[in-house]
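> If you number the sequence shown the way the numbering used here does, the last residue is 193 and the count never jumps.
From the three backbone atoms N, C-alpha and C, an ideal C-beta is built for every residue, glycine too.
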Amino acid sequence: MKRNLLRLLAVTAIVWLAGEIIYTRENPEKKYTGVILDETTDKLLKKSCFDCHSNETVYPWYSRLPGFSIVMGHHVVKGRDHLNFSNWDVIKEKNPEKIVKLWKEIVEEIDEGEMPVASYLMLHSDAKVSKADLDAIRQSLVDNKIDITKKGKHDDDDDDHHDD
Ligand code: HEC
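Spelled out as structure tokens, the structure:
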């Protein structure tokens, strides 16, 4: 019995340490302070997406628990890799076409219920994006003349490798 308990403690300690070593929870300096789309949309994105898709991640206390730190750290690294709103100005300047593509993906992911990530919603129920919220984003895109219905140059490819 005692040996099993020691084993469990050892495994827990290793999992915890691994999370501490791999993921620093540091937010990179770079921020974007301009407008992403409009006030309402920006607020929603900040509430529902920024923890994984910006350099402004807020880490809750349980992000320090063994296991949690690894899952959350992984989400943030992967999330930023796909889409980082803190680099919005850089993307816009370097590759304006990518902005339309990103909006298209954002709308799609929300529409399909893929984003925000389900496990995140279990702990952040207020991050849920309603149908009305999504409709409002679509309308704002139209108002801002961002046409996500148009077929882009790279739409048929696995584009991440073509336009970075
Ligand atoms: C808990 C972290 C988390 C939150 C919150 C979150 N995402 Fe993500 N998102 C991810 C991860 C992780 C990936 C990478 C998915 C993968 O690798 O399969 C991702 C990928 C994406 C992608 C790229 C999809 C692709 O196919 O390349 C888009 C677009 C996206 N998220 C939009 C959003 C939007 C919009 C929100 C808010 C409404 C949001 N995400 C909230 C973690 C998150």
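Quick check: is any heavy atom of the ligand HEC less than 7 Å from the C-beta of Asp164?
No, Cβ of Asp164 sits at least 7 Å from all heavy atoms of the ligand HEC.
> Kindly indicate the opening and closing residues of the alpha helix (DSSP H) around Met144.
From DSSP, Met144 is part of no alpha helix (DSSP H); its letter is neither H nor E.
> Kindly indicate which three-state DSSP category Val44 falls into: helix, strand or coil?
Three-state DSSP puts Val44 in a helix.
> So, using beta-carbon positions, are Asn84 and Asn113 closer together than 8 Å?
Contact: yes.
> Do Asp155 and the ligand HEC come close, with the Cβ less than 7 Å from some heavy atom?
No, Cβ of Asp155 sits at least 7 Å from all heavy atoms of the ligand HEC.
> Check whether the region 143-152 touches the region 35-43, taking contact to mean three or more Cβ pairs, one atom from each stretch, closer than 8 Å.
Segments in contact, no.
> Quick check: Trp117 and Ile51, are their CB atoms within less than 8 Å of each other?
No, these two residues do not count as a Cβ contact at 8 Å.
> Could you give the distance in angstroms between the alpha-carbon of Leu38 and the alpha-carbon of Glu58?
Looking at the two C-alpha atoms, the distance is approximately 36 Å.
> Return the first residue and the last residue of the alpha helix (DSSP H) that Thr53 is part of.
Neither: Thr53 is in no alpha helix (DSSP H) and is coded neither H nor E.
> When burial is assigned at 16 or more other CB atoms within 10 Å of the CB, is His190 buried or exposed?
Its pLDDT being 45, under 50, His190 is placed unreliably in this model, and the value from its coordinates should be taken loosely. With fewer than 16 Cβ atoms within 10 Å of its Cβ, His190 is classed as exposed.
> For Asp193, count neighbouring C-beta atoms within 10 Å of its own C-beta (all shown protein chains included) and say buried if the count is 16 or more, exposed if not.
Note that Asp193 has pLDDT 42, beneath the 50 cutoff, so the model's placement of it is unreliable and no number is given.
> Would the C-beta of Glu134 count as close to the ligand HEC, meaning under 7 Å from any of its heavy atoms?
Correct: Glu134 has its Cβ closer than 7 Å to the ligand HEC.
> Roughly how far, in whole angstroms, is the beta-carbon of Val158 from the beta-carbon of Ile139, given that I think they are within contact range, below 8 Å?
Yes, Val158 and Ile139 are in contact; Cβ-Cβ is about 5 Å, under 8 Å.
> Report yes or no: do the region 67-81 and the region 157-171 share at least 3 C-beta pairs separated by less than 8 Å?
Taking 8 Å as the limit for Cβ pairs, the verdict is that the region 157-171 does touch the region 67-81.
> Counting C-beta neighbours from all protein chains within 10 Å, is the total for Phe79 16 or more, i.e. buried, or is it exposed?
Buried: at least 16 other Cβ atoms inside 10 Å.
> Taking 8 Å as the threshold (C-beta atoms), are Glu49 and Ser115 in contact?
Against a cut-off of 8 Å, the Cβ pair of Glu49 and Ser115 comes out as no contact.
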